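Presented below is the structure to which this report refers.
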Amino acid sequence: MSAPGGRARSAPLLGRDAEPTIFELSVPGRSACQLRTTGVPATPLDELVDPGLLRTEPVALPEVSERDLVGHVTRLSHRQFSVDLGAYPLGSCTMKYNPKAFDEIAAMPGLADVHPATPAPLSQGWLELLCELERELCEVTGMHAATLQPAAGAAGELTGLLLMRAFHDAHGERRTKVVIPDSAHGTNPASVTLGGYEVVTVPSDGRGLVDVDALRQVLDHDVAGIMLTNPNTLGLFEEEIEEIAAAVHEVGGLLYYDGANLNAIVGVVRPGDMGFDIVHLNLHKTFATPHGGGGPGAGPVAVAERLVEFLPGPRPTRTEDGGVGWTTPPRSIGRLHSWHGNALVLARAHAYLRLHGRDGLRRVAERAVLNANWLRVRLAPTYAPAFDRPCMHEVVLTATALKRASGVRALDVAKRLLEEGFHAPTVYFPLVVDEALMVEPTETESPQTLVALAEAFERIAEEATADPERAHEAPLTTPVRRLDEARAARRVIATEDDRTAAT
Amino acid sequence: MSAPGGRARSAPLLGRDAEPTIFELSVPGRSACQLRTTGVPATPLDELVDPGLLRTEPVALPEVSERDLVGHVTRLSHRQFSVDLGAYPLGSCTMKYNPKAFDEIAAMPGLADVHPATPAPLSQGWLELLCELERELCEVTGMHAATLQPAAGAAGELTGLLLMRAFHDAHGERRTKVVIPDSAHGTNPASVTLGGYEVVTVPSDGRGLVDVDALRQVLDHDVAGIMLTNPNTLGLFEEEIEEIAAAVHEVGGLLYYDGANLNAIVGVVRPGDMGFDIVHLNLHKTFATPHGGGGPGAGPVAVAERLVEFLPGPRPTRTEDGGVGWTTPPRSIGRLHSWHGNALVLARAHAYLRLHGRDGLRRVAERAVLNANWLRVRLAPTYAPAFDRPCMHEVVLTATALKRASGVRALDVAKRLLEEGFHAPTVYFPLVVDEALMVEPTETESPQTLVALAEAFERIAEEATADPERAHEAPLTTPVRRLDEARAARRVIATEDDRTAAT
Amino acid sequence: MADYLPHTDAEVAEMLGFLGLGGLDELFSVVPAALRLAGGLALDAGRSEPDVVGELEALGAQNRPIGRDLVCFAGAGAYDHEVPAVVRALAGRSEFVTAYTPYQAEVAQGVLQAVFEYQTMVARLAGLPVANASLYDGATALVEGLNLATAATGRPRVLLSAGVHPHWRAVAATLARGTGHALEEVPLDDGRTAWASAPQGAPVGAVVVAQPNWLGCLEDLAAARRRADVDGALLVVAADPIAAGVLRAPGSLGADVVVGEGQALGTRLSFGGPYLGLFACAREQVRRLPGRLVGETVDVAGTRGYVTTLRAREQDIRREKATSNVCTNQTLMAVTAAIQLSWLGPEGLREVATRSAQGAHYCLDQLRTAHGVTVTASAPFLREFAVTTTAPAEVVLARLADEGFLGGVAAAALMADEDRSLPPEVRDRTVVVAVTERRTKAEIDGFAAAFAKAAR
Amino acid sequence: MADYLPHTDAEVAEMLGFLGLGGLDELFSVVPAALRLAGGLALDAGRSEPDVVGELEALGAQNRPIGRDLVCFAGAGAYDHEVPAVVRALAGRSEFVTAYTPYQAEVAQGVLQAVFEYQTMVARLAGLPVANASLYDGATALVEGLNLATAATGRPRVLLSAGVHPHWRAVAATLARGTGHALEEVPLDDGRTAWASAPQGAPVGAVVVAQPNWLGCLEDLAAARRRADVDGALLVVAADPIAAGVLRAPGSLGADVVVGEGQALGTRLSFGGPYLGLFACAREQVRRLPGRLVGETVDVAGTRGYVTTLRAREQDIRREKATSNVCTNQTLMAVTAAIQLSWLGPEGLREVATRSAQGAHYCLDQLRTAHGVTVTASAPFLREFAVTTTAPAEVVLARLADEGFLGGVAAAALMADEDRSLPPEVRDRTVVVAVTERRTKAEIDGFAAAFAKAAR
Ligand SMILES: Cc1ncc(COP(=O)(O)O)c(C=O)c1O
Ligand SMILES: Cc1ncc(COP(=O)(O)O)c(C=O)c1O
């Protein structure tokens, strides 16, 4: 018999049961769907198309009442942590609070109900918005023009690499390598491969910065460019960025800026002024799009003047008559999205930029960096920072000492933190740091929250020496406890059908 | 120091802490408020009005960031049970699932952004809607006309009693008493008092119905009327309603129908056809307005033809030109609401009536009664119904036997049910039943949910004999356990200031 | 297609079988056959959800909502103040929306704590120690105030300022038919209550005044208090919660009961409802408080928690002796108000009240100086004022609507025939104009110009 | 007024003091002074939230959204299907909206289970055993499909049907610059892929076809499978998820990979994004699957739970050897799709597809018989078809917009200059028309009449 849709023991408010899957709640013949009455003649489908093309059985979707659907999904939502519930200091992810006003903007019929193929004269509001956003992003990055098509950071990276390739091709050069630091985010090397380049890794030095001498070693005329994150994934600003830029440019390479960490420096310093040629931005990090449990995002790519002619198209461009139309640059690398990019995410970013403006953006960076440094100094005695120097928007702490002393690892600290009422930081990234705890408080968390977070970290360390088991067992207060990942990978159950087959 | 707004240990997902109050999260100088830029001259207020009228200190409201406000309220929401989480078989409250479409209807700018003083020519859509709803409610109740002003059931009751009074006044009669059964809801007697009448209580007989002979005893020419709920609060249909009506009418009294239980009979039988003269409806029970944690509702009152001239005004009425205007009946008792009633609740009800229509409404009653009777029969062996006969939309079970056998009372059963993933039924009401468990499943719960609910009830009874303590201690899985109500009443802490004074 | 009922035909059949019934009709066999609807209801057949949504959209299209196309200068108890997205998002959470009255406190801490916070804010706005969990609206809150005051003093006679909103006075009159209260109106003199002209008679149990009153004028609460003291009556003040952000608290000026309309605290205009009845009172009166009251306590483990308290006042326990018959109230609007007030904060509320006053005074200046419109009363005001026009008020408003303005409220449209709070000669030519912090200078300038034209 | 930053000046000062810093600038002392922005950004000063909301509303007012004033007959990969309020309400719950990728599974069971359910539904739609947690959109999903197929076969050569959406083919061409794939187009013959006319050459790694194709025509998947078998290539099918409600599942017809655009499953038109990339594949390919995969397991107490699994495929672990570079995807749209598909159910999905097809055929009948419009291809179709007009397509659409119709999509507007999927002579006079279950007979009749006039 099907599971009861009205039982709420899986809601942490009441209990700790597992929530049945929507398929387990399904009852043959039940339905929630209601459609408009149209008056269109209901000719049998097999009279309209060759029956041989038609399925005989409907797709095995769940059969539930609206009431049970609501119960199921509402209970699932209570089993999910989110920024709206509490602090989410997940390093490299910039889990700031995103104002509710932008949710309403993204739902305005004038924006959300516009068909992507609407002719330009009927979608001038959108084209105007995209033009303005491009201008704003160029100003923020110190670049000349931008494409808004890439759907996320990784897509932006790949776009940037294809721009590099187009640039070198145009100069009749066949470069084969792209340099990235060992601290780079995984998408960087993965994108390099998809861009048709070979990855050359350059090590970080004792300061956690790119080892400029080591870099010079690998630089030659096969190098198409370098991808850098600045501040880097250790939360540190690459102080020798000018030297790096000079060295790379000297061999004819281009500098690519991974904008995932822009929140640290927005309004303070611009990638373009540092010497970067290509910049992607994670609008879903710096510019107010909530992460949606893993997306959507947007990864616009801004470029220096010499790369504009290669930008993807079509692009919104101002016409003589004061309007905006679509044009494709002469030597465009082509299209990167089914339509114009993640438009509603772009609209949020434009609104965020308008709202904060010149000074507001700088305040964002200042508060983000202030919060991170406060945590760094406060926690340094218990969780030694990987590199003991001023950080930017995030700090990479380590559990190395704790592990040595008590056997409690970064992972255990992360799990214990959940019981303390906070989401865990990013752990074991960057890979170059042992027992890394990458903490990014963001600017929207208050000093009171920082203190509470620090106290929780300290409590865990204290407790670990007394009773390490406690941390190993954590979390005990969540709807499920630690999950068996090995088992999940050994015998993959990725669908309801896999389960029924498995059991 | 203020409490941390970003800590989520009060969210049952993570922990069991109490959530700080918004005042405890407050930090001097912090603010979330952003207002429109208007360009209006900012003349100092004390130049505009006599400074003697002005407060010197601003009102001591919380000072929080939008982020902390969101965290606080979202965590509070996770500490709250609701229909959307699971079944809510709270007798007499008709906690059915309310479709989300009606939330969107109640938020349509064309309805929700209309000022109540908008001249009739500019609010024809609203007036048309109210006219239609009045017609629909009259059809559903078998009445002649209705007022939509009363804001809830109790307001409807008082309106009805004032109509009674106006009616008798018009006939030069000074009647002093109103009869109500001992099973009546508390608002009935309270309304009778406010209506300026004296309550005469008539007992229920061995069947749980009005004792018609006892009724005849109390009926005389001082009786203005009788208030009945049918089906009554025991979930039983007053089978002798025709005799009752005849008897009351015979002494010149009027019959008032408390429509809180209409869900049981909508589309099946109408109060008007039973002989009622005045009917109130709880739109928030039968007609799809969620209860909002205690309101808003709407309690329109429909009347027989001879009472129409006394109805509250102004009322939407069709004009010759095909439009709708406002008119006040000749001998109206006057106005009952600041404006036109709880308009957005009325809009939901109209939509619900349109959607279900003729057959759909009857299906609602059928399924509601089917569900209640299924539970009655299934649970009769463990929780003997107060009256062992077919019920309507709800059944009043008893924990009397259980209490005798194990000391586990209705209250304990209610608390244990929470742990089982269900909201508790209404307990200790109606007052005439010992250890009452008043269960109203409503039509939107599935048979699977009913089985699970029944099993939970049975598990609790079984367990009670083995281990009564378990039920006395329940609930153990909720964010707080049983609360000390005596303490709350002894030293009332009804505001933050009371607390700070108390401590 | 489906409706919202889960039962499949097979399930219905199975359940009927379990009950030993032959059909659904038999469920109603207890209903006398003669009474059962033979033909069914004379309503249309049901239609699908999208069909109905379309119908309601079509009805909405026959209204003129405020916004870009109809800039709002109307008030009279319903105001167009800023409500941010965050308030809608939070107050709209389904846990608050789809919960019942918190009867099982262990699983209702969300609503209970939100109401506790609301009570604190309302009490502080009123300058009184206690506030309840909400009443229906301003008018019914006023009546509950009268009921409390007359019960406390044992005197049914009430002095009611003509400055109280006409609709509220009308509701009080209606409900007095049941309570037998003797409501006696105290006239206005140039916009303020003329206590000296109050009708003579037996000592009164309650003195009632509005701050500001329905013409927007600010009253002298001290004078009202003095009149109350003459008889040892309770002073009931109908106070606007936005104005309370800048005005001295009624409680600090001697009010025993403060009531009000809470719509301005986060609720949309909604064609008049659901709104929010605010109610606060002195500590001596707490056991006479109408409606629900949330109190703090601890659970068996000592954890802080909230419950509804002093329940012995209420109808479900006290029945005919209850302090009020209210059961379902407006909790969702109370929760909304608590969120809105937290968003505003002390400065925000003051700013809203101040900017509204600045807009209103700028607007009247334009009307007066630039366009020679005459004000109805010279008493001081905040965000609302009354002007007297040459053309009939409805005509003026109709003309303004064509220009894209909801130009205020016609005083006569609010007044019952017997209402004497305005002199007969101006009654039909008086427009009450409200200006909130949302009105821009450009909007006000445009309005003033259009008004001057329309008023002729 | 405030922005969204909580810090008061006093708190900033205190924190700086704790850090031993004299000012906020010193936080950036590690940044070479020469690089720091002297004058600040050349952007306007910040403005308040209501100001910005007003600005965005004004921008929206310069667009023509679909609805009563612009009835939608446009498709081309973005469709106006019914999305009920319940889907918006549930998918909009802030726990889903404001969560990150589920890195801490213990507190992410909500998103994880919803994605698990989504994967099941997508796999069943595709008729394949495995589906991932989403990709950016249809075009990028297609490219991931090519990448998987070429990697699996070790052959960079790809046969790409000209029936695949022009934008998708364009994206594939762009990304082939990096992967070096040789994309060779197979022309259409009267609306269907002419495999016989496929370019000759080395054995191919992938054969790609769309069902239905961008002209709305239904392809013969068996023929595509045969062509793939010739080279032992993988068959990649770009399948429409609504059409999948009535068509035989691509998996059952031999597809190794099924990709698609999931917008039609609950996401608004949104001017083209964020949308949803659907991806399913055969079990042998699971270790080449791009993006995230959620799997079921148990916790230490044996309770069922969900985690992201087979992570060794992904960029954060596998780095340059990863199967894809995707990290952030479109999870929120995937959750939305799972809710929408649960709302639809088997019958609902079939009904939507069937009614759309009925509307489209009725519409074409009207255009043809009543108004003599000529269809571009005679192959069978479901909810979309192409017609050839006398006047240029943009002119026709501009005229229709004046009549209140978004009358379809101009084929030429979708096609890159080098695109040869339509004969040059009709290219600029071809309109692709889509009809969904939301279009009423009255709307279709009105459209057909207007179209006939406009097409001349
Ligand atoms: C440093 C860095 N680079 C790149 C990315 C990839 O961005 P996206 O997830 O939007 O593809 C991330 C996201 O986690 C990141 O933190
Ligand atoms: C039988 C009965 N009558 C009257 C009422 C009062 O209705 P309301 O709460 O809307 O005032 C109720 C509500 O609980 C009720 O159950």
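Chains A, B, C and D supply the protein sequences, listed in that same order. If you use our numbering, the first sequence corresponds to residues 6 to 508, in order. If you use our numbering, the second sequence corresponds to residues 6 to 508, in order. If you use our numbering, the third sequence corresponds to residues 17 to 472, in order. If you use our numbering, the fourth sequence corresponds to residues 17 to 472, in order. Glycine included, C-beta positions come from ideal geometry on N, C-alpha and C. Note that the structure is a prediction, hence the values are computed from the model and not measured.
Does the beta carbon of residue i come closer than 9 Å to any beta carbon on chain D?
| i | result |
| --- | --- |
| V350(B) | no |
| P63(B) | no |
| A526(A) | With chain A running from 6 to 508 in the structure shown, residue 526(A) is simply not present. |
| S82(A) | yes |
| A494(A) | yes |
With residue i and residue j assumed to form a contact (beta carbons below 8 Å), what rounded beta-carbon distance in angstroms separates them?
| i | j | result |
| --- | --- | --- |
| T403(B) | V444(B) | At roughly 11 Å, the Cβ-Cβ gap does not stay under 8 Å, so T403(B) and V444(B) are not in contact. |
| S451(B) | G11(A) | 7 Å |
| H355(A) | L138(A) | 4 Å |
| L413(D) | G420(D) | Actually they do not touch by this definition, with Cβ atoms about 12 Å apart. |
Would you identify the three-state DSSP class for residue i, choosing helix, strand or coil?
| i | result |
| --- | --- |
| C297(D) | strand |
| M232(A) | strand |
| T209(C) | strand |
| K408(A) | helix |
| A151(B) | strand |
| Y102(B) | coil |
| P268(B) | Inspection of the sequence shows that residue 268(B) is occupied by Asn rather than by Pro. Correct three-state label for N268(B): helix. |
Using the Cα positions of residue i and residue j, report the straight-line distance between them to the nearest angstrom.
| i | j | result |
| --- | --- | --- |
| P228(D) | R455(D) | 20 Å |
| T385(C) | A142(C) | 36 Å |
| P215(D) | L191(D) | 21 Å |
| V68(D) | N287(A) | 22 Å |
| T446(D) | M431(D) | 11 Å |
Checking contacts by CB at 9 Å: is residue i closer than that to chain B?
| i | result |
| --- | --- |
| Y357(A) | no |
| R35(A) | yes |
Using a Cβ-Cβ distance under 9 Å, would residue i count as near chain A?
| i | result |
| --- | --- |
| R14(B) | yes |
Taking one C-beta from the segment 161-172 of chain C and one from the segment 283-291 of chain C each time, how about it: are there three or more such pairs within less than 8 Å?
-> no
State whether the segment 337-349 of chain A contacts the segment 308-319 of chain A, with contact taken as three or more CB pairs (one from each stretch) at a distance under 8 Å.
-> yes
Three-pair Cβ contact test at 8 Å for the segment 268-284 of chain C versus the segment 158-166 of chain C = yes
Given 8 Å, three or more beta-carbon pairs between the segment 156-175 of chain B and the segment 241-255 of chain B | no
Cβ contact check for the segment 183-191 of chain B and the segment 208-219 of chain B: 3 or more pairs under 8 Å | yes
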